[in-house]
Amino acid sequence: MGDWMTVTDPESQNISLYTSETKMSPSSLYSQQVLCSSIPLSKNVHSFFSAFCTEENIEQSISYLDQELTTFGFPSLYEEPKSKEAKKELNIVAVLNCMNELLVLQRKNLLAQENVETQNLKLGSDMDHLQSCYAKLKEQLEASRREIIGLQERDRQLQCKNRNLHQLLKNEKDEVQKLQNIIASRATQYNHDMKRKEREYNKLKERLHQLVMNKKDKKIAMDVLNYVGRADGKRGSWRTGKTEARNEDEMYKILLNDYEYRQKQILMENAELKKVLQQMKKEMISLLSPQKKTPRERADESTGAVISDVEEDGGELSRESMWDLSCETVREQLTNSIRKQWRILKSHVEKLDNQVSKVNLEGFNDEDVISRQDHEQETEKLELEIQQCKEMIKTQQQLLQQQLATACDDDTTSLLRDCYLLEEKERLKEEWSLFKEQKKNFERERRSFTEAAIRLGLERKAFEEERASWLKQQFLNMTTFDHPNSENVKLFSAFSGSSDQDNLPVHSKQRQKKPPSTSNGSPVCTSKMTKSLPASPTLDSCQTRSCVSEHSSVSVLTVTPEEMKPDQVGRECTSQTWSVVSRPGAQPGCSVDAL
Amino acid sequence: MEWSADSLFILCAMYKRGLVQVWSLEQPEWHCKIDEGSAGLVASCWSPDGRHILNTTEFHLRVTVWSLCTKSVSYIKYPKACQQGMAFTRDGRYMALAERRDCKDFVSIFVCSDWQLLRHFDTDTQDLAGVEWAPNGCVLAVWDSCLEYKVLLYSLDGRLLSVYSAYEWSLGIKSVAWSPSSQFLAIGSYDGKVRLLNHVTWKMTTEFGHPAAISNPKTVVYREVEKSPPPGLGHLSLPPSRAGARPLTNAAASESKYEVASVPISLQTLKPAADRANPRMGVGMLAFSPDSYFLATRNDNIPNAVWVWDIQKLRLFVVLEQLCPVRSFQWDPQQPRLAICTGGNKVYLWSPAGCVSVQVPGEGDFPVLALCWHSSGDSLALLGKDHFCLCFLETSKDVGAAFGRRDSCT
Numbered sequence: 001m002g003d004w005m006t007v008t009d010p011e012s013q014n015i016s017l018y019t020s021e022t023k024m025s026p027s028s029l030y031s032q033q034v035l036c037s038s039i040p041l042s043k044n045v046h047s048f049f050s051a052f053c054t055e056e057n058i059e060q061s062i063s064y065l066d067q068e069l070t071t072f073g074f075p076s077l078y079e080e081p082k083s084k085e086a087k088k089e090l091n092i093v094a095v096l097n098c099m100n101e102l103l104v105l106q107r108k109n110l111l112a113q114e115n116v117e118t119q120n121l122k123l124g125s126d127m128d129h130l131q132s133c134y135a136k137l138k139e140q141l142e143a144s145r146r147e148i149i150g151l152q153e154r155d156r157q158l159q160c161k162n163r164n165l166h167q168l169l170k171n172e173k174d175e176v177q178k179l180q181n182i183i184a185s186r187a188t189q190y191n192h193d194m195k196r197k198e199r200e201y202n203k204l205k206e207r208l209h210q211l212v213m214n215k216k217d218k219k220i221a222m223d224v225l226n227y228v229g230r231a232d233g234k235r236g237s238w239r240t241g242k243t244e245a246r247n248e249d250e251m252y253k254i255l256l257n258d259y260e261y262r263q264k265q266i267l268m269e270n271a272e273l274k275k276v277l278q279q280m281k282k283e284m285i286s287l288l289s290p291q292k293k294t295p296r297e298r299a300d301e302s303t304g305a306v307i308s309d310v311e312e313d314g315g316e317l318s319r320e321s322m323w324d325l326s327c328e329t330v331r332e333q334l335t336n337s338i339r340k341q342w343r344i345l346k347s348h349v350e351k352l353d354n355q356v357s358k359v360n361l362e363g364f365n366d367e368d369v370i371s372r373q374d375h376e377q378e379t380e381k382l383e384l385e386i387q388q389c390k391e392m393i394k395t396q397q398q399l400l401q402q403q404l405a406t407a408c409d410d411d412t413t414s415l416l417r418d419c420y421l422l423e424e425k426e427r428l429k430e431e432w433s434l435f436k437e438q439k440k441n442f443e444r445e446r447r448s449f450t451e452a453a454i455r456l457g458l459e460r461k462a463f464e465e466e467r468a469s470w471l472k473q474q475f476l477n478m479t480t481f482d483h484p485n486s487e488n489v490k491l492f493s494a495f496s497g498s499s500d501q502d503n504l505p506v507h508s509k510q511r512q513k514k515p516p517s518t519s520n521g522s523p524v525c526t527s528k529m530t531k532s533l534p535a536s537p538t539l540d541s542c543q544t545r546s547c548v549s550e551h552s553s554v555s556v557l558t559v560t561p562e563e564m565k566p567d568q569v570g571r572e573c574t575s576q577t578w579s580v581v582s583r584p585g586a587q588p589g590c591s592v593d594a595l
Numbered sequence: 001m002e003w004s005a006d007s008l009f010i011l012c013a014m015y016k017r018g019l020v021q022v023w024s025l026e027q028p029e030w031h032c033k034i035d036e037g038s039a040g041l042v043a044s045c046w047s048p049d050g051r052h053i054l055n056t057t058e059f060h061l062r063v064t065v066w067s068l069c070t071k072s073v074s075y076i077k078y079p080k081a082c083q084q085g086m087a088f089t090r091d092g093r094y095m096a097l098a099e100r101r102d103c104k105d106f107v108s109i110f111v112c113s114d115w116q117l118l119r120h121f122d123t124d125t126q127d128l129a130g131v132e133w134a135p136n137g138c139v140l141a142v143w144d145s146c147l148e149y150k151v152l153l154y155s156l157d158g159r160l161l162s163v164y165s166a167y168e169w170s171l172g173i174k175s176v177a178w179s180p181s182s183q184f185l186a187i188g189s190y191d192g193k194v195r196l197l198n199h200v201t202w203k204m205t206t207e208f209g210h211p212a213a214i215s216n217p218k219t220v221v222y223r224e225v226e227k228s229p230p231p232g233l234g235h236l237s238l239p240p241s242r243a244g245a246r247p248l249t250n251a252a253a254s255e256s257k258y259e260v261a262s263v264p265i266s267l268q269t270l271k272p273a274a275d276r277a278n279p280r281m282g283v284g285m286l287a288f289s290p291d292s293y294f295l296a297t298r299n300d301n302i303p304n305a306v307w308v309w310d311i312q313k314l315r316l317f318v319v320l321e322q323l324c325p326v327r328s329f330q331w332d333p334q335q336p337r338l339a340i341c342t343g344g345n346k347v348y349l350w351s352p353a354g355c356v357s358v359q360v361p362g363e364g365d366f367p368v369l370a371l372c373w374h375s376s377g378d379s380l381a382l383l384g385k386d387h388f389c390l391c392f393l394e395t396s397k398d399v400g401a402a403f404g405r406r407d408s409c410t
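The listed protein sequences derive, respectively, from chains A and B.
As numbered in full-length UniProt numbering, residues 1 to 595 make up the first sequence, in order.
As numbered in full-length UniProt numbering, residues 1 to 410 make up the second sequence, in order.
Shown next, in the form of structure tokens:
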């Protein structure tokens, strides 16, 4: 029995309550329960557990437990009694079930308790939080209320002050008014008093005057040695009405003179001002009228107005000059037109200003940026250039200094001088050598060309001789002697023509040399031709043609050297000589066909 | 003592004895004696034609006109006892006389040739203080006493042309001056301002204030400065300052020169006694230059300074600040040159070209109490206590001096 008592959960209060002293009555147990309900016991558990049920009071404890359990709704611990008098047997199953139930309950309760505790804690913290918030808000509210009150107080004070100041001002003003009134009244009073006193004084004066006049003592006299003449030499005049009138007249004359003088001055001023105004108007018109080019409506309007105004003014001017400038309407017209012009000018200037400002606003930033960039770039470039120039100047200066410093040493100077020119000299030398080489090459080529030309000429000569001989043979073979002179003449003419043809392409120099030889040659040829020429015209023609072709080829040959580039002078000369050479060579060879 | 206008006679009046003696220059033996007797004598002056003498009897009972040509006497009753009650036109034709009858002010205009009354009209003033003719002789300016600011302008025939009043209640006009061209009337008042009226509309053209602090950088301020005398050395050529001051040598007494003070500057002021009559404030001295280009003024608050205003531009031109209060100044009758004296031993000259401080040479102190230009503008008479000095001004700006003893009688 003691075993399962010690197994019970030490945290449970109920069990501990139940395991309290079993010797006590249930009421005392109950009271003990109440006392010990809040205190979780751990150490005294065993004692309590053992205190409830001991080995002596088992039955009592069981019955007690049974009672308690049944009251709580648990099934009874006893088995069902078989008979009334039989002992109640402990139903262990029931006991175990009850125990299990109790444990489950206990756990549930513990859980619930935990939940409740956590909730309690949460609520407690929430509550604390809310309370603190509340306290803070209350404080804030209090503070703001106090502030409001303070401000209200200040406002009130300031208003009071303001009112006071207003009042003071009013008072001051009233005082000032009062003082002024006082002054006025005092002034009148003083005036009155003064007048009174003055009257008295006058009375005294009168009295005195009378006395003085009445006395008429000799003392009041003037003692003059003799009369003095008047300043202007005239005699004195009596006082009559005429003099009075004269005086009046003089006075009026003086006044009138003065007025006339002033009026003249004013008229002059007026005229000048009018001139100035006219000029201004003209200038304004001229300023505004060149704006016709701008295609703006207002400008057109203004120019239109200007033009019309100009016409008007033209008429006006003439009218004005006629009417002598003091006419009211004319003056008004002038001023009105000036005002109009001025307004137009003003609007124009305003427009320009707006334009400028717009342009500035719109394009200002970009332009500014661009221009600044450009400007910066340019400045950088310029700075670089400046630096470079400076460096150059420095180096030059250094060199100059060196030169100057070392000018005393001749060798070095000469060396220096030489070394400046050395490079150039070497370059020149190289070029010169190159040039010489080229010249040599050219010479060689020329010589080779001349040789080739000579060879060619010789070959040609040989070839011509061969042809000539061949043709001669042919002619000799063919026996044709019945051709009349006409053929000869024809041939002659042809030949002469050909010879002429031949002569033409030849250089003038050669011609000079040629004519005697050709003239000599040609009759010989013709004579020979008459003898030996065959009669066939075709042959002749072909011969002539061939001759011509030969000539042409010769001419071609002669021509070609001329066509060669003139800068190769040597070659030309050689070609010319070669042609000269070929001539005499050709002639004897071609005596039959009479070249 | 007074010269006659044609410089032929000299008038000597003895107010205490009521006697006037006239001496002739042409005929030394000619003499004339006028005795006012019990009437007494308060003032005596020549008429512009030089043949009549006007005596004002005591208590301003009457003005007696004695004629030297006809030995006749005329009386003008009720002249007004005021600052400037009698004024002659420049050409000497007319005389304006302020009168007061039955507590009212009147002005009578007389023809000087035969002393006929030309016009007689009343003026709307409380207490007429002065009359002055315009130089062209066609307008008469009449102004009230300082208790009321009022200026009335009458034409020669007595018509009222205009009335001008700048303000009420405060003390009013202190001094009045016409410009030589008759174009402007300058009115100096107790509030320290000068108001210019123009002759066409008789309305105020502008007003010039005299503040103690000058801040406009365009005005030039010349300040007289004591130059410390060179110790023991007689002649020292000191470098001339920018003001163009070339002080005289022989530094017996302390010398002074002008130096240009930089603007802003504040001038010495004098606080007038508030409870006394005729306080020392307001513009008390006014003078136009002969070409009407400049107006020289003195504000009695700032007694050491002379203000020169440019009338062409209507603004302050130059301020000259002296070491001592300015006693008087006068323009050269021919050109815009101003001579100033302060009671010290120097005379100060200013012209638009510059200013110079000239010490009067001589032994001891020569307090220059008054000065007077010659009509040609070449020389200047400086009057001391019992000496006078003639100052010759040559075109080369050299200054010569001649001494004379002043007659102590007058």
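Don't be surprised by glycine CBs; every beta carbon is placed ideally from N, CA and C.
Fair warning: this is a prediction, and the values are worked out from it, not measured in the lab.
Classify residue i as helix, strand or coil using the three-state DSSP reduction.
i	result
B/Ile109	strand
B/Ala296	strand
B/Trp66	strand
A/Leu255	helix
B/Arg101	strand
A/Gln265	helix
B/Gln83	coil
residue 650 of chain A	Outside the displayed span of chain A (1 to 595) sits residue 650 of chain A, for which this structure offers no information.
B/Ile173	strand
B/Phe366	coil
A/Lys178	helix
B/Leu393	strand
A/Glu206	helix
A/Ala305	Note that A/Ala305 has pLDDT 46, beneath the 50 cutoff, so the model's placement of it is unreliable and the number below is only indicative. Helix, per DSSP.
B/Thr123	coil
A/Gln279	helix
What are the partner residues of residue i, as DSSP defines its beta bridges?
i	result
B/Phe329	B/Ile340
B/Val151	B/Trp143, B/Tyr164
B/Glu207	B/Arg195
Measure the alpha-carbon distance for residue i versus residue j and round it to whole angstroms.
i	j	result
A/Cys160	A/Asn181	31 angstroms
A/Glu56	A/Cys98	23 angstroms
A/Gln278	A/Arg343	16 angstroms
B/Leu286	A/Arg163	49 angstroms
A/Asp353	A/Glu283	20 angstroms
B/Val63	B/Glu321	42 angstroms
A/Leu103	A/Ser61	19 angstroms
B/Leu128	B/Asp144	4 angstroms
A/Glu89	A/Ala112	35 angstroms
B/Cys12	A/Glu260	42 angstroms
A/Thr329	B/Asn198	28 angstroms
B/Gln21	B/Ala87	23 angstroms
B/Ser375	B/Asp6	14 angstroms
Closer than 7 angstroms by beta-carbon distance: list the chain D residues that pair up with residue i, in chain order.
i	result
A/Asp258	Absent from the structure: chain D. Protein chains present are A and B.
Practice prompt. Counting only runs of 4+ residues fully inside the stretch 372-448 of chain A, write out the alpha helix (DSSP H) ranges in chain order.
Written response: The stretch 372-448 of chain A contains no whole alpha helix (DSSP H) run of 4 or more residues.
Worksheet entry | Within the stretch 15-75 of chain B, ranges of the beta strand (DSSP E) (whole runs, at least 3 residues) | Listed in chain order, they are 19-24, 31-35, 43-46, 52-56, 62-67.
Worksheet entry | Any 3 or more C-beta pairs closer than 8 angstroms across the stretch 167-174 of chain B and the stretch 188-200 of chain B | The stretch 167-174 of chain B, when compared against the stretch 188-200 of chain B, does touch it at the 8 angstroms Cβ threshold.
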